[in-house]
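To keep things clear, I will list the structure first and then write my remarks on it.
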Amino acid sequence: MLEEGVVGEIHFADNLQVLETLPTGSIDLIYIDPPFNTGKVQQRTQIRTVRSAEGDRVGFQGRRYQSIVVGTKRFSDLFDDYLAFLEPRLVEAHRVLANHGSLYLHVDYREVHYCKILLDAIFGRECFLNEIIWAYDYGGRPKNKWPPKHDNILLYVKDPSNYVFNTDEIDRIPYMAPGLVGPEKAARGKLPTDTWWHTIVPTNSTEKTGYPTQKPLGILRRIVQASSRPGAMVLDFFAGSGTTGMAALEKGRRFILVDNNLEAMQVMARRFDGIDGIRWVGFDPSPYQSGYTQGVLIPASVEPCGE
Ligand SMILES: C[S@@+](CC[C@H](N)C(=O)[O-])C[C@H]1O[C@@H](n2cnc3c(N)ncnc32)[C@H](O)[C@@H]1O
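Now the structure itself:
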């Protein structure tokens, strides 16, 4: 799908528009980390009226009514919008996935149950493989509940009888009690389970791009290594700082990234500066790069986004 010599394509566009241009079955692996609350925030105030001589409203036959605010439906509306926003994108994601392909959906603990139901409907329950818990230890600790310190990553495959899972290539982790397993096993380490302990991107690390929702490369490397083969096409249509593209490059895969936020494009321009064979669609990275010579800039085939 990518031209000869192009290893990655980065689009400045609404992801639904780009998804609709991708051929059916053309993508081997999708990772997405959609932002919460992308839909319109609506605040609908519910009012109940009761008969009252001092009421502020006059109704049938001159009767007076008092309005009482019974609540606002801010959250349910916001939530409906979120799922309505995600659904057409997930339907497209399913369409563009190859038969052996996998989708990782990264969400937080407040949304995961609703997203699971949505994905069960789109992929089929039998295509659900794992719920990965990414556990970290960072940030404040509320005193009135268990401090939430994890994200959830749902893994679905297009065909549960034929999908890529490279067990032997997954990075191994130390045993908790290495003394119990013998020196050979201890040196080799063990396979991670569905619970991944991994630090967030450290503030002072070279990995840090400054993009507020940047995810660690270590998480993406593991996903790319486990669920795609060298040369595979990896898609992230909520790209942010481009972590998925970096992991794909490191592991010898190709990638397509999409984001509709100018700040994300600027961060990606810096992050991919100096890397050969990146094709930019709808965005000129050169003002943000030191030596922009190897890339290919082409005009957007879909409407570019403005901020
Ligand atoms: C949580 S961030 C992704 C962070 C990313 N995983 C990383 O490591 O940097 C979600 C991204 O989705 C983008 N986004 C939201 N709505 C979008 C849309 N309709 N089309 C394309 N990108 C969108 C936002 O601009 C934001 O950069």
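Counting in this note's numbering, the sequence shown runs from 3 upward without gaps.
Positions of the beta carbon are idealized from the N, C-alpha and C atoms, including for glycine.
- Spatial neighbours of N262 in its own chain (CB-CB distance under 8 Å, excluding positions within 5 residues in sequence) are listed in chain order as F14, A15, D16, N17 and C307.
- By the Cβ test, the region 22-33 is in contact with the region 230-248, since at least three Cβ pairs between them sit closer than 8 Å.
- Not a single heavy atom of ligand 1 lies less than 7 Å from the C-beta of G126.
- Nearest in C-alpha terms to N168, of all of R223, R273 and F125, is R223.
- Scanning its chain for C-beta atoms nearer than 6 Å, with the 5 sequence neighbours on each side dropped, one finds around A100 the residues G27 and D30, in chain order.
- Take P150, set aside five residues on each side of it, and the residues of its chain with a beta-carbon closer than 7 Å to its own are Y111, in chain order.
- Around the beta carbon of T215, fewer than 16 other beta carbons lie within 10 angstroms, which makes this residue exposed.
- Around the C-beta of Y106, 16 or more other C-beta atoms lie within 10 Å, and the residue is accordingly described as buried.
- By the C-beta criterion, the region 265-274 is judged to be in contact with the region 283-293, since at least 3 inter-stretch pairs fall below 8 Å.
- CA-CA distance, M178 to Y213, rounds to 34 Å.
- For H13, the enclosing beta strand (DSSP E) starts and ends at G10 to F14.
- In the DSSP assignment, the residues bridged to H108 are I155.
- Cβ neighbours of K192 within its own chain (closer than 7 Å, five residues either side excluded): R174, I175 and Y177.
- Annotation for P180: A188 place their beta carbon closer than 6 Å to its own, counting only its chain and skipping 5 residues before and after.
- Contact check between the region 153-161 and the region 115-123: three or more CB pairs, one atom from each, fall below 8 Å, which counts as touching.
- Following the DSSP letters along the chain, one finds E186 in no beta strand (DSSP E) but inside the alpha helix (DSSP H) bounded by residues P185 to R190.
- Around the beta-carbon of S207, fewer than 16 other beta-carbon atoms lie within 10 Å, marking it exposed.
- Counting along the chain, T197 sits inside the beta strand (DSSP E) bounded by residues T197 to W199.
- I277 and D35 have their C-alpha atoms spaced approximately 24 Å apart.
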